[in-house]
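The next block holds one structure in the form of structure tokens; read it before the comments.
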Amino acid sequence: MARQAPNPDRPPEPLLSLRAAVIFALALAAGVVVGALTLWTGAVAPAAVLTGIAAFGGTARGLHDVIGKR
17 MARQAPNPDR PPEPLLSLRA AVIFALALAA GVVVGALTLW TGAVAPAAVL
67 TGIAAFGGTA RGLHDVIGKR
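The opening residue of the sequence shown carries number 17 in the working numbering; numbering runs sequentially from there.
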């Protein structure tokens, strides 16, 4: 299949929607904060990383449900 040339009159579509970018940014911030707080309590680094990853996933899922689609 031949690829069509981009249309110069139409701007390219964004990689992520604004909604997805906001959810990703907030979930990333939550994961970093939870991981840092876990590390601050004296836990070993791998446990803090896993806790941060779990917080990221939970926050992303929760925000996906809360922030409505248009």
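C-beta: ideal position from N, C-alpha, C; glycine also.
Option in the options with minimal Cα separation from residue i
| i | options | result |
| --- | --- | --- |
| A150 | D25, R35, G51, S33 | With the chain running from 17 to 86 in the structure shown, residue 150 is simply not present. |
| L79 | N23, E29, P28, F40 | F40 |
| T67 | L53, A76, R77 | L53 |
| D81 | R35, Q20, P27, N23 | R35 |
Backbone secondary structure at residue i - three-state DSSP
| i | result |
| --- | --- |
| V49 | helix |
| L79 | helix |
| R35 | helix |
| P30 | coil |
Beta-carbon contacts of residue i that lie in its chain and below 7 Å, excluding the five residues immediately before and after
| i | result |
| --- | --- |
| L31 | none |
Cβ neighbour criterion (16 or more within 10 Å) applied to residue i
| i | result |
| --- | --- |
| G47 | buried |
Proximal residues to residue i (C-beta, below 8 Å), its chain only, five neighbours per side dropped
| i | result |
| --- | --- |
| A61 | L55 |
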